[in-house]
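*Asks:* As they're listed, the protein sequences go chains A and B. Quick note on our numbering: the first sequence kicks off at 6 and runs consecutively. Quick note on our numbering: the second sequence kicks off at 75 and runs consecutively. Ideal placement from N, C-alpha and C gives every residue a C-beta, glycine not left out. Here the structure is a predicted model, which means the values were calculated and not measured. Can you keep this structure in mind? I'll have questions shortly.
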Amino acid sequence: MKRILLVISVLTLCLGLFAACEKSTPDPTTDTNGNQQSDTQQTDSQKETEDKSSSSDKQKITVWAWDPNFNIAIMNEAAAIYQETHDNVEFEIVEMAKADVEQKLHTTLASKMTEGLPDIVLIEDYNSQKYLQSYPGAFADLTDKINYDDFAPYKVELMTVDSRVYGVPFDSGVSGFFYRSDILEEAGYSADDLNNITWDRLIEIGKDVKAKTGKAILSFDKADGGLMRIMLNSSGLWYFDAEGNITVSNNEALKEAMETYKKILDADIIIPTAGWNEWVAAFNNGDAASVISGCWIVGSVKAATDQSGKWAAAPVPRLNYDKSINASNLGGSSWYILEGAQNKDLAIDFMNEVFGGNVDFYQKILVNNGAVASYLPAIEGSAYSAADEFFGGQAVFADMGKWMNEIPSINYGLYTYEADAAIIANLENYLSGAKTVEEALQDAEAQLKSQIQ
Amino acid sequence: MERKLKKYGLIFISVAMILLALFMFYPVLYSFYLSLTSTKLGKTDFVWFDNYRRIVTDPLFWTALKNTFQILLIQVPVMLFLALILASILNDKSIKFRGLFRTALFLPAVTSLIAYTILFKMLFSYTGLLNTTLLRINLISEPIEWMSNPVTAKAVLIIAMIWRWTGYNMVFYLSGMQNISEDIYEAASIDGASKIKSFFLITLPLLKPMILFTTIMSTIGTLQLFDEPMNLSQGGVTAATIGPSNSLLTLSVYIYNLCFKYVPNFGYGATVAYVIVVLIGILSFLQFRVGATDDEKEARKRNKQKSREKRRA
């Protein structure tokens, strides 16, 4: 009995210690903040109370995002603009890998702890419904706070749950067919020949280019479902319908997309790659004559400065499926504000002022980072209509703005990645000839059904 | 006095015990509770054994299980056999620069898991060193798509793991061999036993405990395989599947996907984790049984006989 009592008392003692540790950690940080604060403002730092009041004057917005050259750089720019008029606001912009942001957000939200969460977080559009519906109440409802008429409608649709809108639409994934005009000209194709083509036509051109120049038309990663999503999105269809029912085995566009994958691979017109780096390297070093992807790829295309003036952009190819058009989307992400954030209202004000109203800001990030935003008034700005030397004087961003408005609006639903995995995993059986396209799609549907139960 | 000592002893171990309970036993028990729930779309339902029922009909789980066992059954024996051979070669005192070779073979074990995975990915890429070399010496006429074919992708993973872990296991064997007396080998050679014969009849049996240990450790390690497949398949970021046709999807990667890539279901993820625990338990038990020394086997037989006799009585 005594022993048990002893164990219990030691246990409580230790727990107390732990609790004390946890409690005491935030205090020093606020103290140092307060001290720094008083130093810069050169007020008397005699009393702790004064320190505390000044530290509450100075508010901090924490942001989580990935990609230092793109999202982080843009957020830094936005922060600098906001600080010009609000000098009492500090920013802490935390850079993490995309997978880490997602993982951290999942674990923190699932544990229902609001401590340690940022005020603003970047979420990929394919994932937005997953977060919004998995953690109801975790994100701030911005329906009445932001003028969503200013944003591309398809982006707003992605962040809507029960007609409430969460989040601030950010970069668009409007897709383009970016090609080496010099190589295609050598094979006898002018810009008009490449405008508004179908995937079948692209394969023909690819064969011709290979025969005449020896170059592959695309670098291609079989494990990447990106092109399939571009094909689907251009048709206004997805792996699910608007009600969230699976549309895989009965999806005409998807079936054609699978067949197109096989045709591309059978035609021997691509460089097979595995992973992002190899894929980018193939067009950067001139082995692949084009790339079909979201507009965010432009930054990587331009990394090969020796190819300046040798590129051009055309709308993405379309499928033969009758509703498919020459406009699509791949990826893209948006900012979300956490409901439990310490400085929620400040974060909303910041997002509203910069991302929801500053046209100049959008011109700047377009020029500096190649970010095509989904903020519609920005597209009228001067940077969008400027000719781009890299693309041989073509006003590529004005073109992309045009394509963006045509992107069919679809609801990605909750399970894009489950569906993507199921289809790509069963694609191999079809490519190798072991199964027909219908059988492969049925297998994929079965796998998907078991995944989402 | 003794009571007092006991009390102090308890106080001293209590800190460790509490930490262990907090960070080891509690998570173990809690994750079992989790495995009986389904946490989806903000709701947590207690579903009893539904998750375990679901796992039986989950094609991806079976793919992951199959992959894990394919890797386990090829990689672990090949690696341990190589390690044994290398260890017995390097244990030979007549070899020059033994220290250098030992260090060189052990060095892969200190590289970071991610670094060596990326290194192998580069070596085996379409335009990588291996393909270029094979093309130059005219062994192949077209580059091999190592990482786009399910079979070769798995082979690359196994080769990489063998490279990384052989030296590590070799060190265990080397230390085990140092404990085998030279006299036995000398006696054997006087009796006319060849080197190979004394390897199979002396080294192997005497290393049995060490072999058992490394087998269990490697089995556990492979069942928990995560970093290598995750990175060979670009962390599943651009790739929809883990390796071509999910050929590199292991159980641990599947758990990660269930919790972080797909609509999170921590309950179902915990269920898969518990399946790994049970598998490790079964495999370790089997290995102990197979690897038991003759004395232990006899002791067990005797115990059984005794209990049988008791029952009869």
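Please name the residue, chosen from B/85, B/158, B/363 and B/191, that lies closest to residue 231 of chain B on a Cα-to-Cα basis.
*Replies:* Of B/85, B/158, B/363 and B/191, the residue nearest in Cα terms is B/191.
*Asks:* Closer than 8 Å, Cβ to any Cβ of chain B: which residues of the stretch 417 to 429 of chain A, in chain order?
*Replies:* Within the stretch 417 to 429 of chain A, the residues whose Cβ lies closer than 8 Å to some Cβ of chain B are 419, 420, 422, 423, 425, 426, 428 and 429, listed in chain order.
*Asks:* Does the beta-carbon distance from residue 314 of chain B to residue 426 of chain A come in below 8 Å?
*Replies:* Yes, the Cβ-Cβ distance between residue 314 of chain B and residue 426 of chain A is below 8 Å.
*Asks:* Just verifying my parser: in three-state terms, what is the DSSP assignment at residue 445 of chain A?
*Replies:* Of the three classes helix, strand and coil, the one that applies to residue 445 of chain A here is helix, per DSSP.
*Asks:* Assuming residue 323 of chain A is part of the beta strand (DSSP E), what are its boundary residues?
*Replies:* Here residue 323 of chain A belongs to no beta strand (DSSP E), and DSSP marks it neither H nor E.
*Asks:* Does the stretch 180 to 188 of chain A come close enough to the stretch 307 to 324 of chain A to have 3 or more Cβ pairs within less than 8 Å?
*Replies:* Short answer: they touch.
*Asks:* DSSP three-state label for residue 303 of chain B, please.
*Replies:* Residue state, collapsed to three classes: helix.
*Asks:* Excluding five sequence neighbours on each side, which residues of the same chain lie with their C-beta closer than 6 Å to the C-beta of residue 207 of chain A?
*Replies:* Correct list, in chain order: 322.
*Asks:* Return yes when the Cβ of residue 64 of chain A is within less than 8 Å of the Cβ of residue 419 of chain A, no when it is not.
*Replies:* Cβ atoms of residue 419 of chain A and residue 64 of chain A: not closer than 8 Å.
*Asks:* What does residue 174 of chain A pair with, by DSSP beta-bridge criteria?
*Replies:* Residue 174 of chain A pairs with A/339.
*Asks:* Excluding sequence positions up to five away, which residues of its chain have a Cβ less than 6 Å from the Cβ of residue 357 of chain B?
*Replies:* Answer for residue 357 of chain B: 293, listed in chain order.
*Asks:* With DSSP run on the structure shown, which of helix, strand or coil describes residue 215 of chain A?
*Replies:* Residue 215 of chain A: helix per DSSP, three-state reduction.
*Asks:* Buried or exposed for residue 269 of chain A, please, with buried defined as at least 16 other CB atoms from any protein chain shown within 10 angstroms of its CB.
*Replies:* Answer is buried; the Cβ neighbour count reaches 16.
*Asks:* Spatial neighbours of residue 326 of chain A within its chain, please: CB distance less than 7 Å, with the 5 preceding and 5 following residues excluded, ordered by chain position.
*Replies:* Taken in chain order, the residues that qualify are 240, 257, 258 and 261.
*Asks:* Between which two residues does the beta strand (DSSP E) holding residue 125 of chain A run?
*Replies:* From DSSP, the beta strand (DSSP E) with residue 125 of chain A extends over 125 to 129.
*Asks:* Should residue 355 of chain A be labelled buried (16 or more other beta-carbon atoms within 10 Å of its own) or exposed?
*Replies:* Flag for residue 355 of chain A reads buried.
*Asks:* Can you tell me where the alpha helix (DSSP H) holding residue 268 of chain A begins and where it ends?
*Replies:* From DSSP, the alpha helix (DSSP H) with residue 268 of chain A extends over 257 to 271.
*Asks:* Could you tell me the distance, in whole angstroms, from the CA atom of residue 352 of chain B to the CA atom of residue 199 of chain A?
*Replies:* One C-alpha to the other measures close to 58 Å.
*Asks:* Any beta carbon from chain A within less than 8 Å of residue 338 of chain B's own beta carbon?
*Replies:* Chain A, which has a Cβ nearer than 8 Å to the Cβ of residue 338 of chain B, makes this yes.
*Asks:* Just checking: is the beta-carbon of residue 281 of chain A within a distance shorter than 8 Å of some beta-carbon in chain B?
*Replies:* With 8 Å as the cut-off, residue 281 of chain A counts as an interface residue toward chain B.
*Asks:* Since residue 160 of chain B contacts residue 179 of chain B with CB under 8 Å, what's their CB separation in whole angstroms?
*Replies:* Correct: roughly 6 Å between the Cβ atoms.
*Asks:* Residue 221 of chain B and residue 198 of chain B: beta carbons closer than 8 Å?
*Replies:* Yes, they are a contact pair.
*Asks:* For residue 247 of chain A, which residues in the same chain have their Cβ closer than 7 Å to its Cβ, ignoring the five residues on either side in sequence?
*Replies:* These residues qualify, in order along the chain: 416.
*Asks:* Where does residue 120 of chain A fall in DSSP's three states?
*Replies:* It is coil, neither helix nor strand.
*Asks:* Okay, do the stretch 83 to 91 of chain A and the stretch 111 to 126 of chain A touch, 3+ Cβ pairs below 8 Å being the bar?
*Replies:* These segments do not touch.
*Asks:* Using a beta-carbon distance below 8 Å, is residue 335 of chain B in contact with chain A?
*Replies:* Interface residue, yes.
*Asks:* Using a beta-carbon distance cut-off of less than 8 Å, what residues from the stretch 242 to 267 of chain A approach chain B?
*Replies:* Listed by position, the residues of the stretch 242 to 267 of chain A near chain B (Cβ gap below 8 Å) amount to none.
*Asks:* State yes or no: is the beta carbon of residue 205 of chain B nearer than 8 Å to at least one beta carbon in chain A?
*Replies:* For residue 205 of chain B, the answer is no, since every Cβ of chain A falls outside 8 Å of its Cβ.
*Asks:* From residue 447 of chain A to residue 254 of chain A, what does the alpha carbon distance come to, in whole angstroms?
*Replies:* Computed Cα separation, rounded: 5 Å.
*Asks:* Just list the alpha helix (DSSP H) runs in the stretch 340 to 391 of chain A, keeping only unbroken ones of 4 residues or longer that don't cross its boundaries, in chain order.
*Replies:* If we require 4 residues or more, the alpha helix (DSSP H) runs fully inside the stretch 340 to 391 of chain A come out as 349 to 355, 364 to 374 and 387 to 390.
*Asks:* Would you say residue 373 of chain B touches the ligand ATP, meaning its beta carbon is less than 7 Å from a heavy atom?
*Replies:* For the structure depicted, the ligand ATP is absent and the ligand set is empty, with no information on it obtainable.
*Asks:* Would you say residue 125 of chain B reaches chain A, if we count a Cβ-Cβ gap shorter than 8 Å as a contact?
*Replies:* No - not a single Cβ of chain A is within 8 Å of the one on residue 125 of chain B.
*Asks:* Output, in chain order, the set of chain A residues within a Cβ distance shorter than 7 Å of residue 222 of chain B.
*Replies:* Ordered by position in chain A, the residues that pass the 7 Å Cβ test against residue 222 of chain B are 227, 277 and 279.
*Asks:* For chain B, find out if any of its Cβ atoms is closer than 8 Å to the Cβ of residue 167 of chain A; answer yes or no.
*Replies:* It does not; no Cβ of chain B falls within 8 Å.
*Asks:* On the CB-based measure, 16 or more other CB atoms within 10 Å of its CB, does residue 127 of chain B come out buried or exposed?
*Replies:* Exposed, since its Cβ has fewer than 16 Cβ neighbours within 10 Å.
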